[in-house]
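Trainee:
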Amino acid sequence: MSKSYTLIKEQFMEEQNALGSLWIHDKTGAKLMTMSCEDDNKVFSIGFRTPSIDSTGAAHIVEHSVLSGSRKYHTKEPFMDMVKGSMQTFLNAMTYPDRTVYPVASRHDKDFHNLMDVYLDAVFYPAMDQNPYIFAQEGWHEELDNMDEPLTIRGVVYNEMRGAYSSPDAQINDTVNKYLRKGTNYEFSSAGDPYEIPNLSYEKFVEFHKKHYHPSNSYIFLYGNMDMEKTMDYLDKEYLSNFDKINPNTSIALETITNSPKEIIYEKYGLSEEDVPANKSYLTYNLLVGDGGDPMDNFMRSLMSLILIDSESSKLRKLILDEGICEDIYTLASPGRTLDFSIIAKNAKSEDVNRFVELIENECIKLVKEGIPKDLLKSRIQKISFDLREGSGYPTKGIIYSLSAIGYLTYDKDPFSMLNYEPILKQLEDGLDNGLYERWIEEKILNNPSKLIMVLDGDPGLFTEKDRKLAQALKERKNSLSTEALEEIISNTNLLAKMQLTEDSEEAKATIPTLHIEDLNSSLPDIPIFEKEIDGVPIYIAPQPTQGVIYGQWLFDLTSLSEEELPYAGLLGDLLLRMDTKTRDYGSLNDLIFFKTGGINISTYVINHHTDPQKYKAYLSVEGKCLADSFEDMLELMDEIMYETCFDDIKRLGQLISITRSKDEEDIIPSGHKVSMDRVASQFLNGDKFDEIISGTDYFLTLKKWEKLEDITPISTAVKAVAKKLFLKENASFHITAVESDISNCMDSIKNHLPPTGNEAQNMLQWKFSPINEGLLTSANVNYVSQGFLLPKFEFTGTHAVLSQLLSDDYLHNRIRARGGAYGAGISIARTGLIRTYSYRDPNILETIEVYNGIADYLRNIELSYEDVERIIIGTANGYNPPLTPYMAGNLALTRHLNGLTVERLERELQEVLSTNPNDLRACANDIDIAMKNSIKCVLGNGTLISSQKQIFDKIIDLGI
Numbered sequence: 005m006s007k008s009y010t011l012i013k014e015q016f017m018e019e020q021n022a023l024g025s026l027w028i029h030d031k032t033g034a035k036l037m038t039m040s041c042e043d044d045n046k047v048f049s050i051g052f053r054t055p056s057i058d059s060t061g062a063a064h065i066v067e068h069s070v071l072s073g074s075r076k077y078h079t080k081e082p083f084m085d086m087v088k089g090s091m092q093t094f095l096n097a098m099t100y101p102d103r104t105v106y107p108v109a110s111r112h113d114k115d116f117h118n119l120m121d122v123y124l125d126a127v128f129y130p131a132m133d134q135n136p137y138i139f140a141q142e143g144w145h146e147e148l149d150n151m152d153e154p155l156t157i158r159g160v161v162y163n164e165m166r167g168a169y170s171s172p173d174a175q176i177n178d179t180v181n182k183y184l185r186k187g188t189n190y191e192f193s194s195a196g197d198p199y200e201i202p203n204l205s206y207e208k209f210v211e212f213h214k215k216h217y218h219p220s221n222s223y224i225f226l227y228g229n230m231d232m233e234k235t236m237d238y239l240d241k242e243y244l245s246n247f248d249k250i251n252p253n254t255s256i257a258l259e260t261i262t263n264s265p266k267e268i269i270y271e272k273y274g275l276s277e278e279d280v281p282a283n284k285s286y287l288t289y290n291l292l293v294g295d296g297g298d299p300m301d302n303f304m305r306s307l308m309s310l311i312l313i314d315s316e317s318s319k320l321r322k323l324i325l326d327e328g329i330c331e332d333i334y335t336l337a338s339p340g341r342t343l344d345f346s347i348i349a350k351n352a353k354s355e356d357v358n359r360f361v362e363l364i365e366n367e368c369i370k371l372v373k374e375g376i377p378k379d380l381l382k383s384r385i386q387k388i389s390f391d392l393r394e395g396s397g398y399p400t401k402g403i404i405y406s407l408s409a410i411g412y413l414t415y416d417k418d419p420f421s422m423l424n425y426e427p428i429l430k431q432l433e434d435g436l437d438n439g440l441y442e443r444w445i446e447e448k449i450l451n452n453p454s455k456l457i458m459v460l461d462g463d464p465g466l467f468t469e470k471d472r473k474l475a476q477a478l479k480e481r482k483n484s485l486s487t488e489a490l491e492e493i494i495s496n497t498n499l500l501a502k503m504q505l506t507e508d509s510e511e512a513k514a515t516i517p518t519l520h521i522e523d524l525n526s527s528l529p530d531i532p533i534f535e536k537e538i539d540g541v542p543i544y545i546a547p548q549p550t551q552g553v554i555y556g557q558w559l560f561d562l563t564s565l566s567e568e569e570l571p572y573a574g575l576l577g578d579l580l581l582r583m584d585t586k587t588r589d590y591g592s593l594n595d596l597i598f599f600k601t602g603g604i605n606i607s608t609y610v611i612n613h614h615t616d617p618q619k620y621k622a623y624l625s626v627e628g629k630c631l632a633d634s635f636e637d638m639l640e641l642m643d644e645i646m647y648e649t650c651f652d653d654i655k656r657l658g659q660l661i662s663i664t665r666s667k668d669e670e671d672i673i674p675s676g677h678k679v680s681m682d683r684v685a686s687q688f689l690n691g692d693k694f695d696e697i698i699s700g701t702d703y704f705l706t707l708k709k710w711e712k713l714e715d716i717t718p719i720s721t722a723v724k725a726v727a728k729k730l731f732l733k734e735n736a737s738f739h740i741t742a743v744e745s746d747i748s749n750c751m752d753s754i755k756n757h758l759p760p761t762g763n764e765a766q767n768m769l770q771w772k773f774s775p776i777n778e779g780l781l782t783s784a785n786v787n788y789v790s791q792g793f794l795l796p797k798f799e800f801t802g803t804h805a806v807l808s809q810l811l812s813d814d815y816l817h818n819r820i821r822a823r824g825g826a827y828g829a830g831i832s833i834a835r836t837g838l839i840r841t842y843s844y845r846d847p848n849i850l851e852t853i854e855v856y857n858g859i860a861d862y863l864r865n866i867e868l869s870y871e872d873v874e875r876i877i878i879g880t881a882n883g884y885n886p887p888l889t890p891y892m893a894g895n896l897a898l899t900r901h902l903n904g905l906t907v908e909r910l911e912r913e914l915q916e917v918l919s920t921n922p923n924d925l926r927a928c929a930n931d932i933d934i935a936m937k938n939s940i941k942c943v944l945g946n947g948t949l950i951s952s953q954k955q956i957f958d959k960i961i962d963l964g965i
C-alpha cells in the first residue's frame, strides 16, 4: 500500500462483506478509512470537526460556501455544475452539531474521480476566502435596491434557517440544548439561529474555515470496488502532502454530567399571530444518557426510545395519552459526543407538567421493579436485527457507512465498532436475562442528575415580533448611515445581483471536469415483473436477489369507493395496526408483528397513467417483509389486521384522529413545496384530486373538522363500512418481490389467504375542474410558491426531461435561490402534460412568480454551446438508471407495470435525451409560455405576507399551524 500512510487496523467486515482498513497520513495526521468490496457504487467522503462557539451558523455557511468555486474550478457553483453534468448517485454536504461532512458517490470511474477532485479542491482551496460575495450570497448580506427602499437582510442559509425555525421541534431542540448542554459547544446551533446569523462577520467566517478545514482535522472515507492504493496516492500527492501537520485543537470531550436546575424551566416557542395558544404547550423531559462514541450506548438509546415511547405497545405512551395529558407523545434525540434523550408531550397544558413527570417516573419505577415485558423487548430487538441484516434499505449504502465511520472518527473512536453490529446484537439479546434494560432505566432516567424539565408555551406572533424588532433596528441603522455608506450598500447589492445573474465565462466552464455522451450507456436494464392469477386475483411477481427476504403486498383498489367515502379510506389506513383486533390488543399485535416479521405498513397511493392524464389507479396497500419461513405467519397477521380490526373504541379513535392530524401538521411546513405542488395538481388531474382527498391537505382539513365533533361514532361506523366494502377479492391484487425459488413456495400460501368474495364494482371518480389560485396560511417565516397548468394534447419526449433539468439547475436556481435567497427552486414537467414550478423556503412571493413568468422568454433567447447542452444531457440521463435496492426495484417494476410505462418507452426517451440540441430546447418555449400564462398558483407560507398580497389569490385557507 501507499508509503505515505501508516496502517492502524485492518479486518474483514463480515456484515458488509468488505475489507476495512484504518490509516493515518504520516505528514498531516489525517485519518482515512477504506472499505474494499465488490460494490461498483463507489463512495468518497471527507469530514472535519467543526464545533460551534456561537449560534451564527459559521459551520453551516462555510459548508455552503466552499462549494462556490475553488483554485481549480472557476465557475460560480461547481457543485451545481456537477449536479447538472455528472452520473453521481449521491452528492451533498451536511452540517452536524460538531462536524461537517462532504459525501459523493458514483458508479462511473471517471465521474467518481471528477467528483472527488471537485470536493477536495473545494474544501482545501475555496474561492470564498478571497470573494466576500460568496459569503453574502450563501450566508447573509444587507440588501438595499435604492434610497427609498427599506434595508433588509437576505441570504440562502439565513432564509433556510428562517424556514427551519418554523418547526416547533427545531425550536424545542435548540431551547433545551441551551440549558441541558450549557457550557459546551452543543449549547449553540451549528446550523445557525436566523436572528444570530447577521452577527457573523466575513472575517470570522474566513477564520472558521482556516482553523477547521485542514488535513490534520480531517477524516476521509473510501468505499467500493476501486484501486485503493492508487486513490490513496492521489489524495496524498494532489492534496494532503501540500500541508504540514498542525494541532487543530478541536477535540470533543465527553460531557461531565452535572446537576441540572431542579426547578421547571419555562420558555416560549413561536405560533402564528392568529393561533390560539391554549392546550398548545410542549412538556419536555430531557436527559443526557451516554457516549456518542460508544455503539452500545447508541443502540440502547434507539431501543429504549422504542420500548418507552415510540411503540404502540409502550405502556408509558398509553398511560400519558389515556390520561389526556397531550395529543401526541414522542422522543427526540440528536447526534453528538454525549447522547441526549427527550420525551416530548405535544399540545398539552403547561399546568399538567408535574403529572407528566409523575407518570414517567412512576412507570419507570414499576418497570425497574417488575421488569420490562420480555415479548416487547424481544420483538424490538428482532426488528433492529432484521433491519441491520436486510441492509441499509438505501441503494448507496456506502454513504451510510461513511457517515457512521466519520462520526466515530470525529470522537477518536473505533469506526469499525458500529459497523460490526453482530456483537452488539448479542449483548442486546443477553440483556434479556441480566437486567440490562431495567438498569438503563434506573441509571439513565430515575437517578440521572442531568434531568431537565422544561415547558415551552406557544407564543402567537413570537417571530412577527422578532421580525418587527429586526425591521426597526435596520430602519434605525439605515437612518444612521451616511449617504456614502448607503450608496456602498446599494452598490454591493447591485454587484452581487450582477454576479448572480452573469453567465460563467467559457474559460471558467472549461475548468469543470465532465463526462461526454459517448461515456454513457444508452440502454436501460429491464426490471422483470410477471403477472399471474390465482382464482381471478392478479399476482404481480418481481424476482429480485433479496437474500432470503420476502416483500409481500396486498393492494386493494380504492376506485370502488364514492367521493364521500374517500376520507374514511384515508383514516382506515391510519387506524389499522393502531386499534385492537378481535384476537388481541394493538400493543400485542405490534409486538407479534415485529417478532415474526420485519414490519407491516399500511399506506394509500395513486398512480397516474403515463399517456392518458385523467386515467389513474388508486390503492390501499398492506405491505410487509419477512424471512421465507415466516411468510405464512405474515399473511395470517395481515388477515387479522384487515378483517378483524375493531373500530368501536371511540376514545382510542379520537386519540388517533388527533395524533394523525398532529403528525400531518408536523410534515406540512417542512414539505411545503410538495404541498403547494400537490394542490396545483389536484385542480387539473383526477388522480391527484383523489390523492388530495385521501392523504393531502384536504384530508388534513377533514381531520381537523372531525376533531371538533362531539360525537365521532358515525366516523367509526363509516370506517367499518369502507373496510367491509374494500377488503374483497374483486378489489384485490398481490405483489411479491423475492428470489425465484422463494416465490414459487409462496403461491400456495397466497391462495389460502385470498380475501372474501363480494360484488363491488369499480367506479373511477372523475371531477370537473375550475382551477383557482390558493394561499395556505401558516406560521412559517418563509414561503413555498408553486405555479402550474395542464397542457392539452401534450406528448412528452426526452427533450422535456432535459428542459426540466436545465430550468431547475440554471434559470430557476440562479434567480430564485442565488438571487432571491430561497433555499431551492425547480420545475416538474410530467408525462401527463402537467407543468409545475416550485420554490422552497422562499422569502418572496411576487418576485418568484415574476421569475416563473419569464421562463419562456429565457428559453427563446437562450444561447447554449454544445458543451452546455452536453452537461445537462448527462445529468438528465443519470436519472433514467438510478441505483436501486432489490426492494426498490420490485416496487419500481410494479409502478411501471400499473401505469403502462415500458422499458422500450424509457429507452426511446433516453435516446431523445442524448440527441437533444439547443434548438429543441428553444422550441419548448411556446409550451412553457402557454402553461405559465394560463397557470394557477398555490402559495403555502407566511400568513402575514400571503394576506398582504391577497389580490393574487381567489381563496385563502388558514391551515392553523
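So the sequence shown is numbered by the numbering used here: it starts at 5 and just counts up by one. The beta-carbon is built from N, C-alpha and C at its ideal position, and this holds for glycine as well.
In three-state terms, what does DSSP make of Phe798?
Mentor: Sequence index remark: in the sequence shown, residue 798 carries index 794 (1-based). Phe798: coil per DSSP, three-state reduction.
Trainee: DSSP beta-bridge partners for Ser737?
Mentor: Against the sequence shown, residue 737 aligns to sequence position 733. Ser737 pairs with Leu559.
Trainee: Helix, strand or coil: how does DSSP classify Ile965 here?
Mentor: Counted from its first residue, the sequence shown places residue 965 at position 961. Here Ile965 sits in coil by DSSP.
Trainee: Ordered along the chain, which non-local residues of its own chain (more than five positions away) have a Cβ less than 7 Å from that of Met86?
Mentor: Residue mapping note: residue 86 aligns to position 82 of the sequence shown, counting from 1. Only Gln92, Leu95, Leu119, Val122 meet the Cβ criterion.
Trainee: So, for Pro265: in the same chain, excluding its five sequence neighbours on each side, which residues have a beta-carbon less than 8 Å away from its beta-carbon?
Mentor: Here the question's residue 265 lines up with position 261 in the sequence shown. Once the five neighbours on either side are set aside, the close Cβ partners of Pro265 are Tyr183, Leu456.
Trainee: Please classify Gly945: does DSSP put it in a helix, a strand, or coil?
Mentor: Locating residue 945 in the sequence shown gives position 941, where the first residue counts as 1. The answer is strand: DSSP assigns Gly945 an E or B state.
Trainee: With a Cβ-Cβ cutoff of 8 Å, do Pro547 and Ile747 count as a contact?
Mentor: Against the sequence shown, residue 547 aligns to sequence position 543. Against the sequence shown, residue 747 aligns to sequence position 743. Yes, these two residues count as a Cβ contact at 8 Å.
Trainee: Can you find at least 3 beta carbon pairs, one from the stretch 607-619 and one from the stretch 537-553, that sit closer than 8 Å?
Mentor: No, they do not touch.
Trainee: Cutting at 7 Å between CB atoms, please list the residues of its own chain near Glu367, excluding the five before and the five after it.
Mentor: The count along the sequence shown starts at 1 and reaches residue 367 at position 363. Excluding sequence neighbours, Glu367 sits near Lys319, Leu320, Leu323.
Trainee: Compute the distance between the beta-carbons of Ser592 and Ser317, then report whether it is under 8 Å.
Mentor: As a first step, residue 592 is located in the sequence shown; it is residue number 588 there, counting from the start. As a first step, residue 317 is located in the sequence shown; it is residue number 313 there, counting from the start. Taking 8 Å as the Cβ cut-off, Ser592 and Ser317 qualify as a contacting pair.
Trainee: Is the Cβ-Cβ distance between Gly574 and Ser285 less than 8 Å?
Mentor: Reading the sequence shown from its first residue, position 570 is the one you call residue 574. Reading the sequence shown from its first residue, position 281 is the one you call residue 285. In this structure, Ser285 does not lie closer than 8 Å to Gly574 by Cβ.
Trainee: On the DSSP letters alone, give me the boundaries of the alpha helix (DSSP H) that Ala829 sits inside.
Mentor: Sequence index remark: in the sequence shown, residue 829 carries index 825 (1-based). Where Ala829 is concerned, there is no enclosing alpha helix (DSSP H), although the beta strand (DSSP E) it sits in stretches over 828-833.
Trainee: Are three or more beta carbon pairs between the stretch 6-14 and the stretch 28-43 nearer than 8 Å?
Mentor: With a cut-off of 8 Å, the stretch 28-43 and the stretch 6-14 count as touching, because enough Cβ pairs lie within range.
Trainee: How is Leu460 classed by DSSP in three states: helix, strand or coil?
Mentor: Here residue 460 corresponds to residue number 456 of the sequence shown, with the count starting at 1. In the structure shown, Leu460 sits in a strand (DSSP, three-state: E or B).
Trainee: DSSP three-state call for Met17: helix, strand or coil?
Mentor: Position 13 of the sequence shown, counting from 1, holds the residue named residue 17. Here Met17 sits in strand by DSSP.
Trainee: Is Leu730 closer than 8 Å to Ile538 when the C-beta atoms are compared?
Mentor: Here residue 538 refers to the residue found at position 534 when the sequence shown is read from its first residue. Here residue 730 refers to the residue found at position 726 when the sequence shown is read from its first residue. In this structure, Leu730 does not lie closer than 8 Å to Ile538 by Cβ.
Trainee: For the stretch 237-256 against the stretch 14-25, do three or more pairs of beta-carbon atoms, one drawn from each stretch, fall closer than 8 Å, so that the two count as touching?
Mentor: No: the two stretches stay apart, fewer than three of their Cβ pairs being nearer than 8 Å.
Trainee: Who does Asp295 pair with in a DSSP beta bridge?
Mentor: Numbered from 1 along the sequence shown, position 291 holds the residue referred to as residue 295. DSSP, once it has assigned bridges, lists Thr342 as partnering Asp295.
Trainee: Using 10 angstroms around the beta-carbon of His216, count the other beta-carbons present and answer buried if the total reaches 16, otherwise exposed.
Mentor: As a working note, residue 216 is residue 212 in the sequence shown. Counting Cβ neighbours within 10 Å, His216 comes out buried, since at least 16 surround it.
Trainee: Please confirm whether Pro107 and Val47 have their CB atoms less than 8 Å apart.
Mentor: Residue 107 sits at position 103 when you count from the first residue of the sequence shown. Residue 47 sits at position 43 when you count from the first residue of the sequence shown. Result yes, Cβ atoms of Pro107 and Val47 sit closer than 8 Å.
Trainee: Between the stretch 132-145 and the stretch 298-314, can you find at least three pairs of beta-carbon atoms closer than 8 Å?
Mentor: Not touching, per the Cβ criterion.
Trainee: Pick helix, strand or coil for Arg1032, following the three-state DSSP scheme.
Mentor: Any property of residue 1032 remains undetermined from this structure, which presents the chain solely from 5 to 965.
Trainee: For His614, list the residues DSSP reports as bridge partners.
Mentor: For the purposes of this step, residue 614 is taken as the residue at position 610 of the sequence shown. Answer is none; His614 lacks a bridge partner.
Trainee: Any chance the stretch 570-587 sits against the stretch 868-885, with 3 or more Cβ pairs inside 8 Å?
Mentor: Short answer: they don't touch.
Trainee: May I have the straight-line CA-CA distance separating Glu778 from Pro542, to the nearest angstrom?
Mentor: Working through the sequence shown from its first residue, we reach residue 778 at position 774. Working through the sequence shown from its first residue, we reach residue 542 at position 538. Between Glu778 and Pro542, the C-alpha separation is close to 41 Å.
Trainee: Is it the case that the Cβ atoms of Thr899 and Gly397 are separated by a distance below 8 Å?
Mentor: Taking the first residue of the sequence shown as 1, we reach residue 899 at position 895. Taking the first residue of the sequence shown as 1, we reach residue 397 at position 393. Going by C-beta atoms, Thr899 is not nearer than 8 Å to Gly397.
Trainee: Below 8 Å CB to CB, which residues in the same chain sit around Pro252 once its five sequence neighbours on both sides are set aside?
Mentor: Looking up residue 252 in the sequence shown gives position 248. These residues qualify, in order along the chain: Arg53, Lys215, His216, His218, Ser220, Asn221.
Trainee: Does the pairing of the stretch 760-775 with the stretch 678-694 give three or more beta-carbon distances under 8 Å?
Mentor: Counting Cβ pairs under 8 Å, three or more are found: they touch.
Trainee: So, under 8 Å CB-CB, Leu292 and Ser74 are touching, yes? Tell me the CB distance rounded to an integer number of Å.
Mentor: Mapped onto the sequence shown, residue 292 falls at position 288. Mapped onto the sequence shown, residue 74 falls at position 70. So it is not a contact: roughly 39 Å between Cβ atoms.
Trainee: What does DSSP give as the partner residue(s) for Pro547 in the beta ladder?
Mentor: By one-based count along the sequence shown, residue 547 stands at place 543. Bridge partners of Pro547: Ala742.
Trainee: Could you name each continuous alpha helix (DSSP H) segment of 4 residues or more that falls completely within the stretch 341-385, going from the start of the chain to the end?
Mentor: As far as the stretch 341-385 is concerned, its whole alpha helix (DSSP H) runs of at least 4 residues are 357-374.
Trainee: CA-CA distance, Leu325 and Lys249?
Mentor: Here residue 325 corresponds to residue number 321 of the sequence shown, with the count starting at 1. Here residue 249 corresponds to residue number 245 of the sequence shown, with the count starting at 1. The straight-line gap from Cα to Cα measures roughly 56 Å.
Trainee: What residue ranges within the stretch 857-937 form continuous alpha helix (DSSP H) runs of no fewer than 4 residues, ordered along the chain?
Mentor: Runs found: 859-865, 870-882, 890-903, 907-918, 922-926, 929-937.
Trainee: Can you find a heavy atom of the ligand HEM that lies under 7 Å from the Cβ of Leu429?
Mentor: No copy of the ligand HEM appears in this structure; indeed no ligand is present at all.
Trainee: Looking only at DSSP bridge pairs, what is Gln92 linked to?
Mentor: As a position in the sequence shown, residue 92 is number 88, starting the count at 1. Answer by DSSP bridge pairing, in chain order: Ser110.
Trainee: Excluding five sequence neighbours on each side, which residues of the same chain lie with their C-beta closer than 6 Å to the C-beta of Val726?
Mentor: Taking the sequence shown and counting its residues from 1, the one referred to as residue 726 is at position 722. These residues qualify, in order along the chain: Glu569, Tyr572, Ala573, Leu576.
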